[in-house]
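Order-wise, the sequence lines are chains A and B. Numbering-wise (the UniProt record's numbering), the first sequence opens with residue 1 and increments by one. Numbering-wise (the UniProt record's numbering), the second sequence opens with residue 1 and increments by one. Think of the CB as a built atom: it goes at the ideal place given N, C-alpha and C, for glycine as much as any other residue.
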Amino acid sequence: MQEPPPGLAELVRAAQGGDQLAVGRLLDLITPYVRRLCGPIALDDGADATQEALIAVFRKLHQLQCPDALFGWVRAIAVREAVRYATRSARSQPAELGELPAPGDPQLAADIRDVLSRLSPEHRAVLLLRDLEGLDERQTAALLAVAPGTVKSRLSRARLSFRKAWQQ
Amino acid sequence: MPQWPVADFDPVRRLHVIAATTPGAARIGEAVLDAPFERVWSLAQDLERTMPLWIPDVRTVRLLTPESTGAPLQARIHGHTRLRATFAIDLAPGWCLMQSRLVLGGMAARPETDRTTRLAFLGGLRFPGARLLAPALRPFTGNPLARFAALLDEE
């Protein structure tokens, strides 16, 4: 997650006040981050999910009280939107975790996208939040509105497979 | 460590975000034009010369000299009807967003193929309750994309 840049509070306030040029500049600031969140979760639908996530972010912008919390707030909205969009998509065909390549399988390193495509959107979201964003189990569960135990039991095997592959 | 996939995004999608979140009323349309991006954008970004030729209610566009280095670009725009306002403008390759106190306008483009370009056009009113005045947008939005395509053929 990014550190808030200087002048962010003024920019957020201007965008909340209806200044659409400020909305455009705020879009510049957060779009790269939203693309990185939506890509691994929505895969081929990443561009549509990013667009929907950004629309959700700016429709709710008036609810943001503390501009310094912008990126964490954006992350919660974007991940939920990406999961929702990917789940709705006809292309989403989650497979059993047992079908994941075993650690050391060269396929893992060769094509992470293919490995992600075999997980459900929620599994991809947990991997992203835990391994890329560094959230703990409790934070991840709260963001996705699932029980912490569910996060742990359902994802440990998938994450282990990814980590072992990456560390080789 | 493998690279996580990053979602694609482009200026046309960005303009859709602006259109969907404008507080008043905004209309957005898009078309695929039979010309490469560079040619489409060189015409679109020539605001003073070409805006009056393809945006129905725009009669004249005069760019104002920035008050200081780094100050936002501004233009004074007069319409055929009641439009008469100073606009602040964000202009970049494939992107133009302009707003006055009451009016929002924008255009965005991305290459569709080597020979075609997707161009989107946005016209809107920036105040709450503007949706009730949606018919008033017609002179500003009209059918500018068809006019732009015709302009491309002429030039």
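>> Taking contact to mean 3 or more Cβ pairs, one atom from each stretch, closer than 8 Å, check whether the region 14–22 of chain B and the region 19–37 of chain A are in contact.
In response: yes
> What is the residue span of the alpha helix (DSSP H) that W73/A lies within?
Replying inline: L70 to R88
>> Let me see if you follow: with CB-CB separation under 8 Å, is A47/A close to chain B or not?
In response: yes
> When DSSP labels each residue in this structure, what does D19/A get in the three-state scheme?
Replying inline: coil
> Fully enclosed by the region 22–106 of chain B, which alpha helix (DSSP H) runs are 4 residues long or longer?
Replying inline: 37–44 and 47–54
>> For chain B, check one thing: does any of its Cβ atoms lie closer than 8 Å to the Cβ of G24/A?
In response: yes
> For W4/B and chain A, any beta-carbon pair shorter than 8 Å?
Replying inline: yes
>> Could you tell me the alpha carbon to alpha carbon distance between C38/A and P121/A, rounded to whole angstroms?
In response: 10 Å
>> With H, G and I counted as helix, E and B as strand and the rest as coil, what does DSSP make of F124/B?
In response: It should be pointed out that residue 124/B corresponds to Gly in this sequence rather than to Phe. In the structure shown, G124/B sits in a strand (DSSP, three-state: E or B).
>> Residues in the same chain with beta-carbon distance under 6 Å from V12/B, minus the five sequence neighbours each way, listed in chain order, please.
In response: A108, R110, R118 and A120
> So is C96/B buried or exposed if we call it buried at 16+ other beta carbons inside 10 Å?
Replying inline: buried
> With a cut-off of 8 Å, does the C-beta of I55/A fall near any C-beta of chain B?
Replying inline: yes
> So R147/B is in the alpha helix (DSSP H); what residue range does that whole segment cover?
Replying inline: P144 to E154
> If you draw a straight line from the C-alpha of L128/A to the C-alpha of I55/B, how long is it?
Replying inline: 45 Å
> Using CA coordinates, which residue listed in F87/B, R82/B, R39/B and A25/B is at the minimum distance from V61/B?
Replying inline: F87/B
>> Whole angstroms are fine: how far does the CA of P5/B sit from the CA of L135/A?
In response: 19 Å
> What residues in its chain sit with their C-beta under 8 Å from that of R101/B, if we drop five residues either side in the sequence?
Replying inline: A85 and R126
> So who's on the other strand from L128/A, going by DSSP bridges?
Replying inline: For L128/A, which the question treats as bridged, DSSP gives no partner whatsoever.
> How is T116/B classed by DSSP in three states: helix, strand or coil?
Replying inline: coil
> What are the residues of the region 11–26 of chain B that lie near chain A, defined by any Cβ-Cβ distance shorter than 7 Å?
Replying inline: R13, R14, H16, V17, I18, A20, T21, T22 and P23
> D114/B: which of R147/B, D8/B and V40/B sits nearest, CA to CA?
Replying inline: V40/B
>> Check whether chain A comes within 8 Å of D90/B, counting only Cβ atoms and requiring the distance to be less than that.
In response: yes
>> Is there a C-beta anywhere in chain B that falls below 8 Å from the one on V121/A?
In response: Residue 121/A is actually Pro in this sequence, not Val. Cβ-Cβ to chain B under 8 Å: no for P121/A.
> By the 10 Å Cβ neighbour count, where 16 or more other Cβ atoms means buried, how is A150/B classified, buried or exposed?
Replying inline: exposed
> Can you tell me whether DSSP reads R118/A as helix, strand or coil?
Replying inline: coil
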